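Colleague:
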Ligand SMILES: [Zn+2]
Ligand SMILES: [Zn+2]
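In this note's numbering, the protein residues as written are 1009 to 1335.
1. Under 6 Å from any heavy atom of ligand 1, does the C-beta of residue 1046 make it?
2. Would you give the residue range spanned by the alpha helix (DSSP H) that residue 1292 belongs to?
3. Expressed to the nearest angstrom, what Euclidean distance is found between the alpha-carbon atoms of residue 1285 and residue 1164?
4. Decide if residue 1225 is buried, meaning its Cβ has at least 16 other Cβ atoms within 10 Å, or exposed.
5. Assign residue 1320 to one of three DSSP states: helix, strand, or coil.
6. Assuming residue 1325 and residue 1306 are in contact, meaning their beta carbons sit under 8 Å apart, how far apart are those beta carbons, in whole angstroms?
7. Quick check: is any heavy atom of ligand 2 less than 6 Å from the C-beta of residue 1113?
8. Taking 6 Å as the cut-off, does the CB of residue 1099 come closer than this to any heavy atom belonging to ligand 1?
9. Could you tell me whether the Cβ atoms of residue 1029 and residue 1112 are closer together than 7 Å?
10. What are the residues that DSSP puts in a beta bridge with residue 981?
11. Take residue 1336 and list the residues in its own chain whose beta-carbon comes closer than 8 Å to its own, dropping the five residues that flank it on each side.
12. So if DSSP puts residue 1096 in a beta bridge, which residue, or which two residues, is it bridged to?
13. Would you check if the distance between the CB atom of residue 1073 and the CB atom of residue 1135 is smaller than 7 Å?
14. Pairs of beta-carbons, one from the region 1276–1283 and one from the region 1052–1066, closer than 8 Å: are there three or more?
15. Measure the C-alpha to C-alpha separation of residue 1321 and residue 1071 and round it to an integer number of angstroms.
16. Which residues in the same chain have their Cβ closer than 7 Å to the Cβ of residue 1323, if we skip the five residues on either side of it in sequence?
17. As an exercise, report each continuous alpha helix (DSSP H) stretch of at least 4 residues that is fully enclosed by the region 1241–1291, in chain order.
18. Can you tell me whether residue 1155 sits near ligand 1, meaning its C-beta is under 6 Å from at least one heavy atom of the ligand?
19. Who are the near neighbours of residue 1181 in its chain, counting only those whose CB is closer than 6 Å to its CB and skipping five residues on each side?
20. Quick check: the region 1254–1261 against the region 1165–1177, are there 3 or more CB pairs under 8 Å?
21. Within the region 1106–1175, note down every full alpha helix (DSSP H) run reaching 4 residues or more, in order along the chain.
22. Helix, strand or coil for residue 1035? Go by DSSP, reduced to three states.
23. Would you mind reading off the limits of the beta strand (DSSP E) that contains residue 1188?
24. If contacts are defined as beta-carbon pairs under 8 Å, then residue 1222 and residue 1245 qualify, I think. What distance do you get, rounded to the angstrom?
25. Hey, residue 1311 and residue 1129 are a contact pair by Cβ (cut 8 Å); roughly how many whole angstroms apart?
26. Please state if the CB of residue 1198 and the CB of residue 1175 are separated by a distance shorter than 7 Å.
27. Taking 7 Å as the cut-off, decide whether the C-beta atoms of residue 1318 and residue 1331 are in contact.
28. What does a CB cutoff of less than 8 Å around residue 1252 pick up in its chain, not counting 5 residues either side in sequence?
29. For the putative contact between residue 1058 and residue 1316, defined by C-beta atoms under 8 Å, what is the C-beta separation to the nearest angstrom?
30. For the alpha helix (DSSP H) holding residue 1371, just list the boundary residues, first then last.
31. For residue 1054, which three-state DSSP category applies?
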């Protein structure tokens, strides 16, 4: 099979011929139909998130068809369409796993990080960490569901009981959650990088009630907000516009240092919480609602061989929505 492989961090991915992988116990082999490119892939390729092993196949937003079953797999069938996300395996034994916080499992293995991912014609995945996807759907449009959607939805769950939300950073995740929020009858505001007129127009198209620079005040206080931009200075900015009792969710892996701020901004039971990885329950809940909305990402399609171009487009911020590779 062909794979775009990371052989060395900070170097472009390399197109390789590899032997077809054989599924081990509990695994399935998937013939990849589409594979999303996420900012985390770019961070790994650039060595900001050091790859735990090399060579490595990146990609944790896989849509494809089950092509072979490993020993002991009974919950998947050959030919079935499935998706795979960042959560590749958890231990099931630790206290986090036992209390439903498998996203915090210290032994968790992540797709396209510890396990080879989807920037290839075929990928292996543990069957219990694959999710059935609609047979009729467009695989290219479903690929961004698998991270921007699933992991983004974990952030959304912490403000799902609110009716007026704010999104700081309106990219891959926010533009999917905005569709869910609208479907659920919520209103939302979008905050973008100062001067980014294109992002403003995009957020308006996606139904934002008000769009502004991240330093601007919205027309009314919000009940909840999610920060996807990796900018710590946005925390006091967002708190200024949050109602008493409001929740501020930090949806990214990275964030620049959080500035000192007056306690007033946090007082009145405002909450700040970070979000790490995802659980299969997050995936189940998102995949239950996504086809009903239907959540439709803006995508830019690249052939598998052009994975480096897709990563470049992410680096330079030239993408509207999500990049998807098609083998
Ligand atoms: Zn991701
Ligand atoms: Zn565990």
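Note that beta-carbon positions come from the ideal geometry of N, C-alpha and C, so glycine has one too.
Note that the coordinates shown come from a computational prediction; the quantities given were computed from them, not determined experimentally.
Modeller: The relevant details are as follows:
1. For the purposes of this step, residue 1046 is identified with residue 38 of the chain shown, where counting begins at 1. Yes, Cβ of residue 1046 sits closer than 6 Å to a heavy atom of ligand 1.
2. Counted from its first residue, the chain shown places residue 1292 at position 284. Start and end: 1288–1297.
3. Mapped onto the chain shown, residue 1285 falls at position 277. Mapped onto the chain shown, residue 1164 falls at position 156. Answer to the nearest angstrom: the Cα atoms are 13 Å apart.
4. Locating residue 1225 in the chain shown gives position 217, where the first residue counts as 1. Exposed.
5. The residue labelled residue 1320 in the question sits at position 312 within the chain shown. Helix.
6. In the chain shown, the residue the question calls residue 1325 occupies position 317. In the chain shown, the residue the question calls residue 1306 occupies position 298. Rounded to the nearest angstrom, the Cβ distance from residue 1325 to residue 1306 is 14 Å, too far for a contact under 8 Å.
7. Counting from 1 along the chain shown, the entry for residue 1113 is found at position 105. At a threshold of 6 Å, residue 1113 counts as near ligand 2, since its beta carbon sits closer than that to one of the ligand's heavy atoms.
8. By one-based count along the chain shown, residue 1099 stands at place 91. Because no heavy atom of ligand 1 lies under 6 Å away, the Cβ of residue 1099 does not count as near it: no.
9. To locate residue 1029, count along the chain shown from 1; it is residue 21. To locate residue 1112, count along the chain shown from 1; it is residue 104. With respect to the 7 Å criterion, residue 1029 and residue 1112 are not classified as neighbours on the basis of their beta carbons.
10. There is no way to answer for residue 981, as the model of the chain reaches only from 1009 to 1335.
11. Only positions 1009 to 1335 of the chain appear in this structure, which leaves residue 1336 out of reach.
12. Stepping through the chain shown from its first residue, residue 1096 is reached at position 88. None, per the DSSP bridge assignment.
13. Start at 1 with the first residue of the chain shown, and residue 1073 comes out as number 65. Start at 1 with the first residue of the chain shown, and residue 1135 comes out as number 127. Using a Cβ distance threshold of 7 Å, residue 1073 and residue 1135 do not count as a contacting pair.
14. At 8 Å Cβ cutoff, the stretches do not touch.
15. As a first step, residue 1321 is located in the chain shown; it is residue number 313 there, counting from the start. As a first step, residue 1071 is located in the chain shown; it is residue number 63 there, counting from the start. C-alpha separation (whole angstroms): 21 Å.
16. Position 315 of the chain shown holds residue 1323. In the same chain as residue 1323, and ignoring 5 residues on each side of it, the C-beta atoms closer than 7 Å to its own belong to 1050, in chain order.
17. Runs found: 1242–1248.
18. Numbered from its first residue, the chain shown carries residue 1155 at position 147. Proximity of the beta carbon of residue 1155 to ligand 1 is indicated: a heavy atom of the ligand is located closer than 6 Å.
19. For this step, residue 1181 is matched to residue 173 along the chain shown. Hits under 6 Å: 1156, 1160, 1236.
20. Contact between the region 1254–1261 and the region 1165–1177 is present, because at least three Cβ pairs lie under 8 Å.
21. Taken in chain order, the unbroken stretches of alpha helix (DSSP H) that lie wholly in the region 1106–1175 and span 4 residues or more are 1147–1150, 1158–1165.
22. The residue labelled residue 1035 in the question sits at position 27 within the chain shown. Reduced to three states, the DSSP call for residue 1035 is strand.
23. The residue you call residue 1188 lines up with position 180 of the chain shown. Looking at the DSSP string, residue 1188 is not in any beta strand (DSSP E); the run it does join, the alpha helix (DSSP H), is 1180–1191.
24. The sequence position of residue 1222 within the chain shown is 214, counting from 1. The sequence position of residue 1245 within the chain shown is 237, counting from 1. Correct: roughly 6 Å between the Cβ atoms.
25. On the chain shown, residue 1311 is found 303 positions in, with the first residue counted as 1. On the chain shown, residue 1129 is found 121 positions in, with the first residue counted as 1. Not a contact, Cβ separation roughly 12 Å.
26. The residue labelled residue 1175 in the question sits at position 167 within the chain shown. The residue labelled residue 1198 in the question sits at position 190 within the chain shown. Going by C-beta atoms, residue 1175 is nearer than 7 Å to residue 1198.
27. Here the question's residue 1318 lines up with position 310 in the chain shown. Here the question's residue 1331 lines up with position 323 in the chain shown. Contact: yes.
28. Looking up residue 1252 in the chain shown gives position 244. Within its own chain, the residues whose Cβ lies closer than 8 Å to the Cβ of residue 1252, once the five positions on either side in sequence are excluded, are 1276, 1277, 1278, listed in chain order.
29. On the chain shown, residue 1058 is found 50 positions in, with the first residue counted as 1. On the chain shown, residue 1316 is found 308 positions in, with the first residue counted as 1. Contact between residue 1058 and residue 1316 fails: their C-beta atoms lie close to 19 Å from each other, not under 8 Å.
30. Residue 1371 lies beyond the stretch modelled for the chain, which goes from 1009 to 1335, so this question has no answer here.
31. By 1-based counting over the chain shown, the position of residue 1054 is 46. Coil, per DSSP.
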